[in-house]
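To start, the structure under review is shown below, and the notes come after it.
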Amino acid sequence: MLRNNQTLNGGVGTGVDSIFFDKREMSTNHVNLIGRITSEPRYYKHPSGRRIAQFTLTTRETYLDEDGNTKVKHHWHRIAAWGRWVKVLEEFGEVNLQIALEGKLTTRFYFRDGLKQFVSEVEVNDLIIMT
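Counting in the working numbering, the sequence shown runs from 11 upward without gaps.
Put into structure tokens, the structure is as follows:
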């Protein structure tokens, strides 16, 4: 049964003024990371002709265990940068450089020895060198 001014998708109101949305239709792909470059950037030319820089970014997570002891966990992220970020990384990218980046998680595939291999990586949209 619909309440007063309720839409069929569960929201109240219609159009841009509606403050409720059908959660089944919502999605996002947004990654924010701050960490250190832990592998020398590698530079390739993609079959499309565009250049790509790939490197590993390491982030740290600090937490308390059940006994109250501080623990540190490291996470390694595969990063892919295109376009102008390739030039920035060629000039400044080096191991131990701290950066902040914003991007999206992507998955691509390639063939190795006739087998299809999948790779997930963070594709850079914006990058800031931290000093």
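We put the beta carbon where it would ideally sit given N, CA and C, even for glycine.
Taking the Cα positions, histidine 56 is about 13 Å away from phenylalanine 119. For isoleucine 47, the number of other beta carbons within 10 angstroms of its own is at least 16, and it is reported as buried. Leaving aside the five residues that flank lysine 83 on each side, the residues in its chain whose CB is nearer than 6 Å to its CB run, in chain order, Glu71.
Bounds of the beta strand (DSSP E) holding leucine 125 are 125 to 139. A check of alpha carbon separations from leucine 43 across Thr66, Gln127 and Phe128 identifies Thr66 as the nearest. In the three-state reduction of the DSSP assignment, arginine 94 falls in the helix class, which pools H, G and I.
Going by DSSP, arginine 60 is part of no beta strand (DSSP E) at all; its letter is neither H nor E. Judged by beta-carbon spacing, threonine 141 lies beyond the 8 Å limit of phenylalanine 128, meaning their Cβ atoms are not closer than that value. CA-to-CA, the gap between valine 105 and lysine 114 works out to about 22 Å. Around the C-beta of isoleucine 109, 16 or more other C-beta atoms lie within 10 Å, and the residue is accordingly described as buried.
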